[in-house]
Amino acid sequence: MSGYDRIKEYLGRLRKEVAQIRFRTGLILAVALFVLLVFLVATLEGFFYFSPQVKKFAVGILFVVLGGVVAGNILVSFAIFRGWTERYSDRKLAELLISKYGKIGQRLINVIQLNDQRPSLKSGVSSALINVYTQEVADELEDVPIENVVDSSPVRKAGIFLAVVIFIVLAVTGYNFRFYKAALTRLKNARTEYEFPLPFTILSLKGNTQVLYGDTLDLSFEIKGKLPKQLFLSVRFPEHTILDRIRVEDSVVTYELRNLRETAFCEAFVVNKNIFRRWSRISSGVDTIRVISRPEILEYSFEVIPPPYTRLEKAVHQSSNREVRAYPGSLIGVNILANKEIEEGKAIFKSGKVYPLKVKKNKGKFDFRVRENDEFLIKIYDREGIDNISPIKYVVELLKDGYPSVKVLSPRGNFELNESMVVPLGIKISDDFGFSACNIVYRFLNKVENLDAFKIAFPIKEKTLPLQELYYDWDVGSLGIVPGDEMEFWIEVYDNDVVSGPKRSVSRKVFVRYPTIIELFSQVSEAEDQMVDEARDILEEVKESKKVLEEISLKLIKENEIKWERKVQIERELKKTKELGERIKKLSQKLDEVIQRSKENLLFNEEILSKLARLQEAFEQIMTPELQEAMEKLKRAIESMDKEEIARALQNFKINQERFEKELDRMLDIFERVKIEQAVDEMVKRINDMVKNQDSLSRILEGADSLRNTAMLRLANEEEKIGYDMTSLEDLMKTTLEDMQKFPVMPSEELNNISEEIKRMDIASDLNEAASSLRNMNPRKAFNRASSAADKMHSAANMLEEFQKTFKVRTMEEVLVDFQNILSHALQISKEQEKISGSLKDISYGSDKIQDIMVQQSWNVENLSKLLSELSSLSGKTFAVSPRVGKYIGQAYSKMRSVLRNLQEGSVAVSRRDAREALRSINDCSLEIMFSMENLLSGGQATGFKEYLKRLQQLASQQEGLNQETMKLGLGGEGGRLSLQRLAARQMQIKRALEQLQRQMRGNPDQVGDLSGIVKDMEKVIEDLKKNRVLRKTIQRQQRILTRLLDAQKSIRAQGYKKKRKSRTGQDVVRESPSLPSDYGEKSSLLRENLEEALSKGYSADLEKVIRKYFEILSTEEEKSEK
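In C-alpha cells:
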C-alpha cells in the first residue's frame, strides 16, 4: 500500500470518529429537547385544559419534532462520515492535526497539496521525491492516535445537560405531582374531553323580587368556594346601567339600591383577568326587580306676587328651579302636578309651619306669605295611603331690600357761608325701589345752650326714581346764624319699605362756618398781598430778562455769525417769558376768585368790584397778541440761524417786552391804589359791624338781671372778641396809613388824625372791663361799660364814614385834575395842528415858509409825546382812560411824522392831507378824553344799558330753560341722540347772541367783568352735547353759565340804581321860590367868561364843539362840588 493510500485510510478513520461523536451528541440533545417539550405541554395542559383537538395536535407536534431532530442528526453524521461537507474534508481534518501536532499536520497538508497538484506539475519535478515525502508522512501518522486528535467533550457536555433537564423536570413534577400526573393522563387520553373545575360559585339570595316606587332594596349574594377579592354588580335600567365594584370580605355580600323608580335587572359576576386560568366569567345569573308606582310630583311652579311698594310685576318660576327668591311680604303661590290621583297633601316648613294642599285629582296648590328665609317639602298620599318618598326640598330665600345710600356731592368739603346765607346742596341718593323721606339734619357746635340736632325736609319731586342727583339751595338765614357760628349737617334718607319699616342711611357730615367779616377781609387781603408779591417778582424777572436780551443784542452786533450759545440764551428767555405769562394768567384766575368771594360776601361796594374786574381783565390780556407774535417770530428766526432776521425779531420782541413791563408796572400801581380803597371800605364795614354787635350786646345787658351764668360767660366772650376786633381795626388803619404814604395826594393826614382819636378813646379798655364784669357776674357794671364802648364806636364809625367820603373826593379830584391838564394840552396841540394845516393850504413846492412849518410841526410832535407820557401816568391811577385815546394819539403821531417826511421830500399835497388827518385824530382824542371824564363823573353809566340789560335777561331766561331740559335728559329722562343735538344747537344760538352783545359793548368801561369765561363754558357744554353725553360736569357748567349771567345783570343794576342815577316821574310842583344864595352865579360867571374867551380865539367849528363839551363837564363838576 502506497504512502498516500495509508494517509487516506488514516483520514477516513479520523472522519468516522468525528461522525460518531457528532451523532451521539445530537441524540442526547434530542432526548433533552423531547423531555422539555413534554414538560411544557403538560404544564400548559394543567393550566388550560386543552380540547381534544389541541391535545392531539400538541402530542403530534411532540413526536414530529422528536423524529425530525433524530433524522436530522443521522443525516448530518452520515454526511460527515462520507466527507460530503467541506468542513470535514481531508485538508480540514489535517488542520485538526496542526492544533494537536503542529509539524505533522503541516507536513500532511503539504502532502495533500502535492498529490492534488501532481498532474499539473512541470517536467523536472521528481515524482519519486514526492512519494518518498508522502511515505515519511504516512509513517509519522502511524504514531498519532485518533482519540488524541478528535475532541469527545461535546458528548460529555450533552450528557450533563440532559441530566440537568431531567433533574429539574423531576423536581418540578415531584413538587406538584398531581397536577402533572393529571395533565399527562389527559394528554395520554388526547381524544377525551375533560371539564375545567371553577374555583367558586355565586348564588343570588333575593332572586326575582318587587319593591315600591322610591323604596330601597338590599341585594344579597352568597359565594361558595374560594372567595375572590371583589365582584361586580350590574343593575340595568331601561335608560341607563349602574356598574359597581364590591369588595368581598365574607361569603355573603350585600348591596343597597336606593330610591328605585323603575324596573331593573341585576347580576353579580367576577371576570377572570389571569391568562393561566381556564374560566373567563362566573355569574350569579340575572334577577328581575319590578317597581310598583308611588305618588310623585312631576311638575311644580311658584307664582310670586311682590309687595306693592316695590311696583314689580308678578313672576312665575317653573320646575327648573327648586329655589324661589322673593322680597319680604311677597305672596307665593305653589302649584303641583302628580303622576297619579292624590287623596291629600301638605307643605311642611323647616320653621314649623304646615300648610294643607287644596287637592283636585292629580293637582294640588297652596300659598303663603314670605317673612323669612325658610325651606319646605311637599308630602302627597294616594288612595292606598302610599306617600311620595324623598320629597324635594324647596328653598325660600329672601331678597334683600338694601339700605338706601346717600352721598353729598356738594359742598365737597367744609363750607363757608357768605352773605347769601345759602348752602348749595347737591346729593346723590339711590335705593332699590324709592324713597319715603329725605332730611337735612343739622346742629350748632358753638352754642353751648343749644346742641340739639334739628332737621328739615330735603325736597324730592320723584320719590319712585331709584337713582337721583338732587340739588337744593338751602337758605339758612332763618336759623339765626350770626358771624362766627359753626354748625355741622348731614343728609338722612329713608327708603319706602313699608313691610319691615323704612330703612335709614346717613351721609358724611359737612362742617359749615359763617366767617366774621374780619376773617373774610383778612382772607381777601392775604390773597391780594400774595398776588402783589408774585406780580412784583414777575416784574423783576422781566427787567432781568430785558438786561439779558440787551446783552445778547450787543453781542450779536460784534459777532459775525450766530453762536450756539446765543441761540440757547434766546430760547431760554423765550421760555422764561412764556412761563411768566402763565404765572400772570394764574394771577388773573386768583383775582377772579377774590372777586367772586367778595361778591358773595358783599365785602366791597360795586365801584371797587368793578375796578377789580377791570384789573383782572387787564391781567388776563397782558400777554398781547403782538407779544405772542413777536415771540413766534423770534422762535422762527433762531431756527433759521439768520443773523439779520434774528436781530430784527429780537428788536421787535424787546419793544413788546418793554410794553409788557410797563403794562405790568401800571397794573401794580392801580392794584395798590385799589387795595388802599378796599382798606378804607373795609374799615367802614368793620366798624359798622362792630357797632351792630355791640349795640346788640348792650340791649341784652340792659335786662341782664335774668341772665344765667352760662349766658353771661358767653356774652363776656363776645365782648372780648369785639375788643380783639377793635385792636385788629387799629392795626389795619396803621397799615393803610403806611400804604398811603406812597401817594401824596391821598388824605393820609386825615386818617392819621382819626387813628389817634380812636386810640385816645381807648374803646378796647371799656370792652375788656365789660367782659371782666360779666365774668364776675356783675351785669349792671358791664352794661355801663358796654354802653360807653358803643357810644365811642358810633363816634369812630361816623369819623371813618366821613373819611371814606373825603378819600373818594380826593381820589376823584386827583384824577380829574390830571384829565383836565391832559385835555388842555390836547386842545393846545389841536390848535397848533390846525394852524399848521391852515398854513399848508396857501404854500406850494419851494416856498420859504416850509422850513417854519416843519419847525412848528416838530414842536407839535414833541408836545404830543409829552401828552402820551401824561396819559401813561394817568393810566396808572385809573381805568377811566379809554384805549381809544392811545389809538388816536398813535394815529396823530404817525401822520405828524409823515408831514415832516413829505415836506422834506417836497410832497406838499400829501403833507396837507396828512396834517388834516393828524388834526382829526387829535380832535378825536380830545373828544375821547372828555367822554372818559364824563363816564368817570357819572359813575360809569352810559347810554344803551337798558337794552343791554334786557338782552342779558333774555339770554339768562333761555339758558335756564335749556338747563332744565338738559337735566331731564341727563337724569334718566327719555331722549335720544336727536334731542341732545337739538340742545347743542340751542346752546350755540345763546353763545352767538352773547358774543354779539359783547362786541357791541366792547371798550365801554361800564361793562362789569368779562363774559368770555361764560363763552368758554358754553363751548365745553356744546362739545359734550354734540358727543351725546350729559355728565355731572355738563350740568354744573350750565348752572355756572346761568349764575354768571344773573350776576352780570345784578352788578349793572347795582351801578345804575345809585342815587345820582335814580329817575323820577315828572310832577307839577308849586312852591315859593327861595331866596338866591349870596354867591350864586360867581363861579358860573367865571366859567362862562373863560368859555367866551376861548371861543373868541378863532378855533374851527369841530374844535369849538370840543371846547364847549369841555366847559360843560367843568360846569357839571362845579355843581357837584357845591352839592
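Every position in the sequence shown, counted from 1, becomes a number in the numbering used here once 124 is added. Positions of the beta carbon are idealized from the N, C-alpha and C atoms, including for glycine.
- Straight-line spacing of the CA atoms in residue 674 and residue 689 works out to 15 Å.
- Here the C-alpha atom of residue 356 lies approximately 15 Å from the C-alpha atom of residue 324.
- Take residue 329, set aside five residues on each side of it, and the residues of its chain with a beta-carbon closer than 7 Å to its own are 344, 345, 346, in chain order.
- Under the three-state reduction of DSSP, residue 805 is assigned to helix.
- Within the model, the alpha-carbon separation for residue 660 versus residue 792 is close to 8 Å.
- Nearest to residue 705 by alpha-carbon distance, out of 184, 1159, 546, 751, is 751.
- Looking at the DSSP output, residue 459 shares a beta bridge with 425, 489.
- At the C-beta level, residue 860 and residue 811 stay beyond 8 Å of one another.
- Restricting attention to 591, 566, 593, the CA atom closest to the CA of residue 609 is found in 566.
- Within 10 angstroms of the beta-carbon of residue 764 lie fewer than 16 other beta-carbons, which makes it exposed.
- Put simply, the backbone Cα of residue 616 is about 35 Å away from that of residue 1082.
- CA-to-CA, the gap between residue 650 and residue 592 works out to about 40 Å.
- When the five nearest sequence neighbours on each side are left out, the beta carbons in the same chain lying within less than 6 Å of the beta carbon of residue 307 are those of 166, 169, 170, in order along the chain.
- Between the C-alpha atoms of residue 594 and residue 805 there is a straight-line separation of about 39 Å.
- Setting aside the 5 residues that flank it on each side, residue 1020 is surrounded in the same chain by 981, 984, 985, 988, 1042, each with a C-beta closer than 7 Å to its C-beta; the list follows chain order.
- The residue from 286, 446, 870, 442 with its alpha-carbon nearest to that of residue 934 is 870.
- Beta-bridge annotation (DSSP): residue 349 is paired with 324.
- DSSP, read as helix, strand or coil, puts residue 364 in coil.
- The three-state reading of DSSP puts residue 568 in strand, counting E and B together.
- The continuous stretches of beta strand (DSSP E) do not include residue 890, which lies in the alpha helix (DSSP H) extending over residues 887–899.
- Between residue 461 and residue 487, the C-beta gap is smaller than 8 Å, which places the two residues in contact.
- DSSP places residue 627 outside any alpha helix (DSSP H), giving it a letter other than H or E.
- Taking the C-beta atoms as reference points, residue 825 is found nearer than 8 Å to residue 907.
- Residue range 591–599 is occupied by the beta strand (DSSP E) that includes residue 598.
- Here residue 378 is bridged, per DSSP, to 344.
- Between residue 702 and residue 790, the alpha-carbon positions lie close to 20 Å from each other.
- Counting only the Cα atoms, residue 724 lies some 47 Å from residue 623.
- Apart from sequence neighbours up to five positions away, the residues of its chain that approach residue 322 with a beta-carbon distance below 8 Å are 349, 403, 406, ordered along the chain.
- Secondary structure note for residue 389: it is in no alpha helix (DSSP H), and the uninterrupted beta strand (DSSP E) holding it is 388–395.
- Where residue 659 is concerned, the enclosing alpha helix (DSSP H) starts and stops at 641–682.
- Secondary-structure assignment with DSSP links residue 406 through a beta bridge to 394.
- In the DSSP assignment, the residues bridged to residue 354 are 371.
- In this structure, the CA atom of residue 855 is about 12 Å from the CA atom of residue 646.
- When secondary structure is reduced to three states using DSSP, residue 615 falls in the strand class.
- With contacts defined by Cβ atoms closer than 8 Å, residue 538 and residue 635 form a contacting pair.
- Taking each of 761, 339, 878, 902 in turn and checking the Cα distance to residue 827, the smallest one comes out for 902.
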